[in-house]
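Trainee: Here it is, the structure in full.
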Amino acid sequence: MTILRRMLPKVNKLQILLILVLVGCFKVTEAQQYNWQSSVATPKQQGYHSILLSPEVIGRLKADLSDIRLYSGGKEVPYLLRAEEPVQYKRLFKNYDIVSYTHQKGCCSELLISNPEKRKLNNISLLISNADARKQVKLSGSDNRQDWYVLKEKDILYAINNRASTAEVKLLDFPLSNYRYFRLQLNDSASAPLNILQAGYYDTYTEAGKHIEIPIREFTRKDSLSTKSSYIHVRFAHPVYPERLEFTISSPQLYYRHGQIILGAPAPEKRRRSKRRKQRQQPRPAVSFVLNSNAPAIVELPRQKLRELTIVIQNDDNQPLEITGLIALQLNRYLVAELSPDQEYTLLFGDSTAKAPAYELEYFQDSIPAKLPVVQTGELQQLQPVKKEKNKTSTILIWSAIAVVVAGLSYMTVKLLNEMDKKKQA
């Protein structure tokens, strides 16, 4: 033990140096390096904004968009990721015309609603101020406000106590009818009248998500008589994530064509290959579709990074379609961050080793409005040109350094053991 302690000071410095070199080599390989940057347009006001990510930016990111950061003055700015949904289902409250709302003290109240278009109705939604009361109601219908016909003889509006708001919507169902007028009678004999603010109905509708167009660099077409198909090859200027294709077809007036979209580079020319090589080839992903003159000429695509795709349309014995336009689209995606008009902001992105940031802002998503001012990104600047030769050289240097360190440590270990043996023999 004493001999070991005497020997350690002689080798510790060199060993520590070699270990530091080894750690430094690994740190170099682990350093986070972004390959691209883009400026952000100056906001007009202070507050949260949606930074719309262009196709050029998104194409350089990983699929989960985890390798992007927002900086201002050298400091990282927290953000939230938001994306448009392909289809959004929304409910809109539409008011009925309230002709009158009268009260008879100690008796009853009468709400008269107009339905001038004579729409077919089977419910009325009432927006009522909170009240700890229980009301018996009766509903009737009429076309002339003189002859009334019962729709619901008796129903109960229970106590209204919404802790999140000062009012609440109560739904009153009744048999389907299309009277021009509806009369709701409320029994006020046990309590004061209710404060009915609005009467109406909820209309559900769909809203398509917002898209941004992806520029197409090259568009070529070939119609084949032998295969009775049309082949359209689309090439993009950089990697992209297309999620929709929209066709403009001028003729014929009526058509119904099957087809598929092959995602990725076209297949190489056919050559003689061994059976083993054929078995190793993986089929390229494809999306089947139908172009129908009775529906929009739109094809939805799975979200996948690519630089080109091929559209194959089966014509059978029909003349090829006259396609006068084709656009590629992707759903809008945003970084939501608090911006100031007196600050400059920069996006850094494009690092395959980067992990998603962990911002506390994600716990306050509900506190940030859904609709925000939108700012655009600027042109891209490449920071780290990717050159395979340099990467290969740097990898060799790193592994050479590691080999030197390992050899040095091995040499010092052997030397230490030999000296310990000599001491013992002495």
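No gaps in the numbering here: position 161 of the sequence shown is 153 in our numbering, and each next residue is one more.
We put the CB at the ideal spot given by N, CA and C, even for glycine.
Remember, predicted model here, so these are calculated numbers, not experimental data.
(1) Could you check whether the Cβ of I394 sits closer than 9 Å to any Cβ belonging to chain C?
(2) Just to confirm, is the Cβ distance from S222 to V304 under 9 Å?
(3) In whole angstroms, what is the alpha-carbon distance linking L301 and H230?
(4) Ordered along the chain, which non-local residues of its own chain (more than five positions away) have a Cβ less than 6 Å from that of I224?
(5) Determine the DSSP secondary structure at D195, reduced to helix, strand or coil.
(6) Measure the alpha-carbon distance for F18 versus S344 and round it to whole angstroms.
(7) Can you grab the Cα-Cα spacing for the pair V69 / V129, in whole Å?
(8) To the nearest angstrom, how far is it from the Cα of R299 to the Cα of N114?
(9) Candidates V282, Q335 and R126: which alpha carbon is nearest L313's?
(10) What does the alpha-carbon distance come out to for the pair L331 and Q37?
(11) How big is the Cα-Cα spacing for I280 and Y150?
(12) Using 9 Å as the threshold, is the C-beta distance between D308 and K220 below it?
(13) Quick one: Cα of A75 to Cα of Y171, how far?
(14) Taking the alpha-carbon of L364 as reference, which of R209, V328 and Q190 has the nearest alpha-carbon?
(15) Three or more beta-carbon pairs under 8 Å between the stretch 170 to 190 and the stretch 92 to 107, yes or no?
(16) K270: buried (16+ other C-beta within 10 angstroms of its C-beta) or exposed?
(17) Which residues in the same chain as S31 place their Cβ atom closer than 8 Å to its Cβ, once the five residues preceding and following it in sequence are excluded?
(18) Assign Y71 to one of three DSSP states: helix, strand, or coil.
(19) Can you tell me whether Y355 is helix, strand or coil according to DSSP?
(20) Would you say I315 and A278 are within 9 Å of each other, going by their C-beta atoms?
(21) Thinking Y173 and N107 are a contact (beta carbons under 8 Å), I'd like their distance in whole angstroms, please.
(22) Please confirm whether L44 and I116 have their CB atoms less than 9 Å apart.
(23) Tell me the residue span of the beta strand (DSSP E) that contains E292.
(24) Note down the Cα distance separating S157 from I208, rounded to an integer number of angstroms.
(25) Can you list, in chain order, the residues of its chain whose CB lies under 8 Å from that of W140, leaving out five sequence neighbours each side?
(26) Quick check on the DSSP output: what are the complete alpha helix (DSSP H) runs of length 4 or more inside the stretch 30 to 57, in order along the chain?
(27) By a C-beta neighbour count over all protein chains shown, 10 Å radius and 16 as the cutoff for buried, is A320 buried or exposed?
(28) For the beta strand (DSSP E) holding Q306, just list the boundary residues, first then last.
(29) Whole angstroms are fine: how far does the CA of F228 sit from the CA of D56?
(30) Determine the extent of the beta strand (DSSP E) in which D89 is found, giving its start and end residues.
(31) Taking the C-alpha atoms as reference points, what is the distance between P288 and N324?
Mentor: The structure says:
(1) Absent from the structure: chain C. Only one protein chain is present.
(2) yes
(3) 13 Å
(4) R213 and I303
(5) strand
(6) Residue confidence for F18 is low, a pLDDT of 46 falling below 50, so the modelled location carries little weight; the figure read from the coordinates is stated next. Those two C-alpha atoms are separated by around 17 Å.
(7) 57 Å
(8) 53 Å
(9) V282
(10) 8 Å
(11) With the sequence shown as reference, residue 280 is identified as Ser, and Ile is not the correct amino acid for it. Each residue's alpha carbon lies about 54 Å from the other.
(12) yes
(13) 44 Å
(14) V328
(15) yes
(16) Low per-residue confidence applies at K270: pLDDT is 49, beneath 50, and the placement is therefore not dependable enough to give any value.
(17) E336, Y337, T338, L339, T369, G370 and E371
(18) coil
(19) helix
(20) no
(21) 7 Å
(22) no
(23) I290 to E292
(24) 50 Å
(25) S132, G133, S134 and R175
(26) 47 to 50
(27) buried
(28) L298 to Q306
(29) 21 Å
(30) D89 to Q96
(31) 21 Å
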